[in-house]
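Asks: Add 4 to the 1-based position in the sequence shown for my numbering, that's all there is to it.
Don't be surprised by glycine CBs; every beta carbon is placed ideally from N, CA and C.
Fair warning: this is a prediction, and the values are worked out from it, not measured in the lab.
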Amino acid sequence: MSEERFKKELADYLDSLEEEEKASGQLYEERLSVCKQCDYLNAGMCKACGCYVEMRAAMKARICPYGKW
Ligand code: SF4
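1) Taking 7 angstroms as the cut-off, does the CB of Ala-52 come closer than this to any heavy atom belonging to ligand 1?
2) In angstroms, rounded to a whole number, what distance separates the CA positions of Ala-65 and Lys-26?
3) When we look at the beta-carbon of Glu-58 and count the other beta-carbons within 10 Å, is it buried (16 or more) or exposed?
4) So, for Tyr-17: in the same chain, excluding its five sequence neighbours on each side, which residues have a beta-carbon less than 8 angstroms away from its beta-carbon?
5) Output needed for Trp-73: all residues of its chain with C-beta closer than 6 angstroms, excluding positions within five of it in sequence on either side, in chain order.
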């Protein structure tokens with residue numbers, strides 16, 4: 005997937021979430037900073053769960069499969 009297309013899909017996904025489902029901006033950034041340090045991250049995708057971390061981290065109820073956040 006091109007970066008441009010990914011950004012569009014990410015924006016659409018974030019827009020589709022109910023406000024109460026979303027992680028706060030601070031929580032979102034904290035989660036992503038953990039992912040950026042993680043060996044499982046590869047080109048924006050978590051090799052442990054197979055999802056794009058920017059989408060996973062945006063949902064309040066989601067967790068890291070390895071308990072890092
Ligand atoms: S979700 Fe967890 S295991 Fe996956 S990249 Fe982020 S910190 Fe690593």
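Replies: Per the coordinate set shown:
1) yes
2) 8 angstroms
3) buried
4) Closer than 8 angstroms at the Cβ level, and outside the excluded window around Tyr-17, lie Met-59 and Ala-62.
5) Cβ within range, chain order: Arg-35 and Val-38.
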